[in-house]
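Numbering (this note's numbering), first residue to last: 10 to 185. Beta carbons: idealized from backbone N, C-alpha and C, even for Gly.
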């Protein structure tokens with residue numbers, strides 16, 4: 010197990026998010042009912058959502074589990090950024106939540122934690138939430154400064170749209 014590059018491991022699980030970081034919260038409705046919740050939870054924890062959004066994922070486990078290493082890469086060719094992470098917590102159906110968080114390791118452009126959670130609300134709506142705290146860890150992310158948060162918000166919205174599409178496609182393939 011590698012050492013995380015920040016001391017507040019697990020803060021995305023129950024909050025509050027730590028001071029001194031940029032905070033990101035994004036929530037997207039992705040479906041309705043228990044079947045959509047199961048599909049969305051599996052897509053998130055088995056890395057399918059990330060891959061379908063265009064991110065490269067190399068993981069040491071088939072699905073998210075604490076301690077698993079994950080390398081996320083985004084971009085094209087020589088502009089491809091690679092980000093080493095480690096899963097810090099998971100939730101599988103506990104209290105209507107399925108998801109995980111990974112934290113940054115040395116070499117990641119940012120320092121912090123990001124969680125991806127699917128929730129089944131009391132009204133049967135299925136919500137996907139990205140919650141993160143981060144700050145620059147490399148010279149180029151410090152230099153990019155104010156551009157980083159909008160890119161992170163764009164990526165969170167992209168993940169939400171991608172997960173909604175996965176859930177819709179699964180529903181069309183297996184009528185309920």
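Counting the other CB atoms within 10 Å of its CB gives residue 76 a total below 16, which places it among the exposed residues. The beta-carbon distance between residue 180 and residue 14, rounded to whole angstroms, is 39 Å. This is too long to meet the 8 Å contact definition. For residue 74, there is no enclosing beta strand (DSSP E), as DSSP marks it with neither H nor E.
Under the three-pair Cβ rule at 8 Å, the segment 161-175 counts as touching the segment 47-62. The continuous beta strand (DSSP E) containing residue 98 extends over residues 90-103.
For residue 56, there is no enclosing beta strand (DSSP E), as DSSP marks it with neither H nor E. DSSP places residue 165 within a helical segment (H, G or I) once states are collapsed to three. Under the three-state reduction of DSSP output, residue 37 falls in the strand class. When the alpha-carbon of residue 56 is set against those of 47, 68, 35, the nearest one is in 68. Counted as a single uninterrupted DSSP element, the stretch harbouring residue 147 is not any beta strand (DSSP E), since DSSP gives it neither H nor E. If you draw a straight line from the Cα of residue 163 to the Cα of residue 157, it is about 10 Å long. In the structure shown, the three-state DSSP call for residue 26 is coil. Under the DSSP assignment, residue 129 falls in the beta strand (DSSP E) whose first and last residues are 119-129. Among the bridge pairs identified by DSSP, residue 46 is matched with none.
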